[in-house]
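K.L.:
Residues in the sequence shown are numbered from 27 upward in steps of one, following the working numbering.
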Amino acid sequence: MSTPTRWAVLGPGGIAHRFASQLPHADARLVAVGGSPTPGGQERARAFAAEFAPDAFVGDYDAVLAREDVDAVYVSTVHVTHARLTLAAVRAGKHVLCEKPFAPNAGSVMAVVDAARASGARVLEAFMYAHHPQLQKLLELVRSGAIGTVQHVDASFAFATGAKQGRLYDADLAGGGILDVGGYPVSAAHLVASAALGRPAAVQEFAAQGTVGETGVDEWATASLTFAGGVTAAVRTGVALADPQTITVYGSAGRIHLPDPWTILGDTRVVLTRPGAEPEEFAFDPDLPENKAYALEAKALVGDGTPAFTLEDTLAVNAVLDRWRAAIGLRYPFETDTADIPTVSGLPLRRSVPTAMKYGRIPGLDREVSRLVMGCDNQPDLAHASAIFDAFVEAGGNTFDTAWLYGSGKYEKLLGRWMANRGNRGDLNVIVKGCHTPHCDPESLTRQLLESFERQGHEHADIYMMHRDNEDVPVGEFVDVLDEHASAGRITVYGGSNWSTARVDEANEYARQHGKRPFSVLSNHFGLAEAYDVPWTGCRHVTDPASKQWLSERDIALLPWSSQARGFFARANPEDRSDAELVRCYYSEANFERKARAEKLGRELGVPATAIALAFVLAQPFQVFALFGPRTIAEARSSMTGLGVQLDEQQVAWLDLREG
27 MSTPTRWAVL
37 GPGGIAHRFA
47 SQLPHADARL
57 VAVGGSPTPG
67 GQERARAFAA
77 EFAPDAFVGD
87 YDAVLAREDV
97 DAVYVSTVHV
107 THARLTLAAV
117 RAGKHVLCEK
127 PFAPNAGSVM
137 AVVDAARASG
147 ARVLEAFMYA
157 HHPQLQKLLE
167 LVRSGAIGTV
177 QHVDASFAFA
187 TGAKQGRLYD
197 ADLAGGGILD
207 VGGYPVSAAH
217 LVASAALGRP
227 AAVQEFAAQG
237 TVGETGVDEW
247 ATASLTFAGG
257 VTAAVRTGVA
267 LADPQTITVY
277 GSAGRIHLPD
287 PWTILGDTRV
297 VLTRPGAEPE
307 EFAFDPDLPE
317 NKAYALEAKA
327 LVGDGTPAFT
337 LEDTLAVNAV
347 LDRWRAAIGL
357 RYPFETDTAD
367 IPTVSGLPLR
377 RSVPTAMKYG
387 RIPGLDREVS
397 RLVMGCDNQP
407 DLAHASAIFD
417 AFVEAGGNTF
427 DTAWLYGSGK
437 YEKLLGRWMA
447 NRGNRGDLNV
457 IVKGCHTPHC
467 DPESLTRQLL
477 ESFERQGHEH
487 ADIYMMHRDN
497 EDVPVGEFVD
507 VLDEHASAGR
517 ITVYGGSNWS
527 TARVDEANEY
537 ARQHGKRPFS
547 VLSNHFGLAE
557 AYDVPWTGCR
567 HVTDPASKQW
577 LSERDIALLP
587 WSSQARGFFA
597 RANPEDRSDA
607 ELVRCYYSEA
617 NFERKARAEK
627 LGRELGVPAT
637 AIALAFVLAQ
647 PFQVFALFGP
657 RTIAEARSSM
667 TGLGVQLDEQ
677 QVAWLDLREG
């Protein structure tokens, strides 16, 4: 006989009552109830325990999570506390079922998922309807081809609350329909499209409309989605307008309709209608133990097998919810790009000990430099940037790359706001780049440098690099203005990005003759794949043998961009020539042989080929600090696996085709 799972409930609200009422059907028992530390919160927790488990422990959230007799935690507090409590429960070694959404925005959700994966605990977003037999029957019919080729999904979860008050109309509590119940129709469309495709569905096109009321939350919103493979979806949600709460899936040979897919309290039928045939109905008695949706999700958390709604599904759905809110202009006060956004856990930001990060020195800099450098582009908003930047620092990263040109200043502002929020500018190396074509002259360099400082909220660049060269300008004029800024304390060390090795030599000879500071850094393309062209006009690479020899002979640090060849080692295929830029820059028999060798060595070492490609870059006989610009924490983690790979000289030579 199995031992019942011991559950705690954090947040004894309405949905928690439904969850607790079904726990006995999940081979589980309630042993603790956590309420907010206010007198009212503790009183509600005591009343909840009296109803469902009179012997249960009652206390605040921290006291409940500290108990050794709690195996799993159900988080059902207000949206803005979900992430912090989920991460606290994970740190306490508990499995966690968290009500949707994990967090109000995709950036914070990403951080929760990352922590969950790293912890080894089982963590699920509580879309209980996905575990119910009626939804599983729908997906089974889709996968079996019962309605032919799936073409369209229509799904809605909307209601009218009446009075516009309470948490659903509170912007500070992430109110509105999209986050409260909009995830239901979006997740249903995602699950149906994935079942139809036989793989996780990606949204290729998205459009939305909606009404943001005077309270600052969305009252009614609609969206249209097109998934890879051509499946379309229309979804609706709202808290101020009622709409039938249904799912209908249309295919080339029929349709499937669920009249009560979400709450599963009444008409739990799946109705299959096909031309020329009588409708088929599949009913699920809600009173039977095997049809208790909350019990089923509780069992999915602690049981064996794959849950009906995974962390990958959570990431995909919450990304769509972000796009939905962005499309209608809804951003909550606590997540704006000028807000004081704390860490998702609420804890101070600290470097993990031990860390896999490696460090090196750049001549002229007192602080060590992480061998991976975080590029600050690819960040849509401050919440997303904060989650990725926090993860990078916790992993040991301490160097960030910015440029005056990127995002018309947006990315510099995001980095500056994040540093102000964390109070950690003094612990970091910040690279500032400017002087990009067509504004590549000494006057533009100075103007852009000062504008970058204003955007970032500080007055110093640890490393400054000219983003392009202008060979019509005598090199000494650039050295003079850079040395002037360095003497004024605005720059510590400087160099060039996309400069020829010959011009760098010329600059340093001028510096030697005139008592100026020399170039200490160069940022050109470098990687395992040899570059035959560059993606943008004015770019330069140092992947050829002569450039590698030059780098080995100079006391200049290389900060290469696109060190993994813009995805060549992850996705390049000789038969796939759809990415013209990838083909133009990297496709050759030699590079595909390098890719094959990286894959072979990766299999032997248990890492992806991308990690081998990064390890190759870091194993050079000269100082290398690789720039990377991950779009997600998962991408950052994947890249950082290369830090744990140590290549010897023979392996480096073999990868580079210098040994057979």
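Just so it is clear, CB atoms sit at the ideal spot from N, CA and C, and this is done for glycine as well.
Please read these numbers as outputs of a predicted model, since none were measured by experiment.
Terminal residues of the continuous beta strand (DSSP E) containing Q482?
P.N.:
Taken as a continuous stretch (DSSP letters only), Q482 belongs to no beta strand (DSSP E), being part of the alpha helix (DSSP H) at P468 to Q482.
K.L.:
Classify Q230: buried if its beta carbon has 16 or more other beta carbons within 10 angstroms, exposed otherwise.
P.N.:
exposed
K.L.:
Check the DSSP bridge columns for V297 and list the partner residues they point to.
P.N.:
Bridge partners of V297: H283 and E307.
K.L.:
Pick out whichever of A555, A652 and A583 has its Cα sitting closest to the Cα of Y613.
P.N.:
A555
K.L.:
Grab me the residues of V149's own chain with a C-beta within less than 6 angstroms of its C-beta, minus the 5 sequence neighbours each way, in chain order.
P.N.:
Excluding its 5 nearest sequence neighbours in each direction, V149 has C-beta neighbours in its own chain below 6 angstroms: V122 and A142, listed in chain order.
K.L.:
Report the partner residues of H248 according to the DSSP bridge assignment.
P.N.:
Note that residue 248 is Thr in the sequence shown, not His. DSSP, once it has assigned bridges, lists Q235 and R262 as partnering T248.
K.L.:
Please confirm whether L341 has its beta-carbon closer than 7 angstroms to some beta-carbon of chain C.
P.N.:
Looking for chain C here will not work: only one protein chain is present.
K.L.:
Who are the near neighbours of G239 in its chain, counting only those whose CB is closer than 8 angstroms to its CB and skipping five residues on each side?
P.N.:
K190, Y195, E245 and A266
K.L.:
For R169, name the three-state secondary structure that DSSP assigns.
P.N.:
The answer is helix: DSSP assigns R169 an H, G or I state.
K.L.:
For I457, report the span of its alpha helix (DSSP H) as first-last.
P.N.:
First-last for I457: N455 to G460, but that is the beta strand (DSSP E), not the alpha helix (DSSP H).
K.L.:
Cα-Cα, which of S546, L327, A215 and P226 is closest to I273?
P.N.:
A215
K.L.:
Please give the ranges of any beta strand (DSSP E) in the stretch 85-147, keeping only runs that are unbroken, at least 3 residues long and fully inside the region.
P.N.:
98-101 and 121-124
K.L.:
Tell me which same chain residues have a C-beta within less than 7 angstroms of the C-beta of V671, skipping the five on either side of it?
P.N.:
L631, V633, A637, I638 and A641
K.L.:
Would you kindly check if the distance between the Cβ of T527 and the Cβ of W562 is under 7 angstroms?
P.N.:
no
K.L.:
Between A645 and V678, is the Cβ-Cβ spacing less than 7 angstroms?
P.N.:
Contact: yes.
K.L.:
Specify the secondary structure class of S412 as computed by DSSP and reduced to three states.
P.N.:
helix
K.L.:
Mark N599 as exposed unless 16 or more other C-beta atoms lie within 10 angstroms of its C-beta, in which case mark it buried.
P.N.:
Flag for N599 reads exposed.
K.L.:
Do G628 and S589 come within 7 angstroms of each other at the CB atom, strictly closer than that value?
P.N.:
no
K.L.:
Return the chain-ordered ranges of every alpha helix (DSSP H) run that is complete within the stretch 337-377 and spans a minimum of 4 residues.
P.N.:
List check, alpha helix (DSSP H) in window: 337-353.
K.L.:
CB V456 to CB D488, shorter than 7 angstroms?
P.N.:
yes
K.L.:
Please state if the CB of F74 and the CB of V59 are separated by a distance shorter than 7 angstroms.
P.N.:
yes
K.L.:
Can you tell me which of the three DSSP states H465 falls into?
P.N.:
coil
K.L.:
How is the alpha helix (DSSP H) around R538 delimited, first residue to last?
P.N.:
T527 to H540
K.L.:
I'd like the span of the beta strand (DSSP E) that includes G61, first residue to last.
P.N.:
A54 to G61
K.L.:
Would the beta-carbon of G390 fall within 7 angstroms of that of V519?
P.N.:
yes
K.L.:
Apart from the five residues just before and just after P406, which ones in its own chain have a Cβ nearer than 6 angstroms to its Cβ?
P.N.:
In its own chain, leaving out the 5 sequence neighbours on each side, no residue places its CB closer than 6 angstroms to the CB of P406.
K.L.:
Three-state secondary structure (DSSP) at M690?
P.N.:
Residue numbering for the chain in the displayed model covers 27 to 686; residue 690 lies beyond these limits and cannot be assessed.
K.L.:
Once the 5 residues before and after D581 are set aside, which same chain residues still bring their CB inside 7 angstroms of it?
P.N.:
P389
K.L.:
Beta-carbon within less than 6 angstroms of G280's beta-carbon, same chain only, minus the 5 sequence neighbours each way: which residues are those?
P.N.:
Answer for G280: I173, T299 and R300, listed in chain order.
K.L.:
Tell me whether the beta-carbon of S478 lies closer than 7 angstroms to the beta-carbon of V505.
P.N.:
no
K.L.:
Hey, out of G564, G502 and A156, whose CA is closest to Q539's CA?
P.N.:
G502
K.L.:
Tell me L398's beta-bridge partners as DSSP assigns them.
P.N.:
By DSSP's assignment, L398 forms a beta bridge with A652.
K.L.:
Report the CB separation of V138 from F128 in whole angstroms; it is logged as a contact under 8 angstroms.
P.N.:
5 angstroms
K.L.:
Using only the alpha-carbon positions, how far apart do P226 and T263 sit?
P.N.:
23 angstroms
K.L.:
Can you grab the Cα-Cα spacing for the pair L683 / F426, in whole Å?
P.N.:
33 angstroms
K.L.:
Starting from R44, trace the alpha helix (DSSP H) in both directions and tell me its first and last residue.
P.N.:
G40 to Q48
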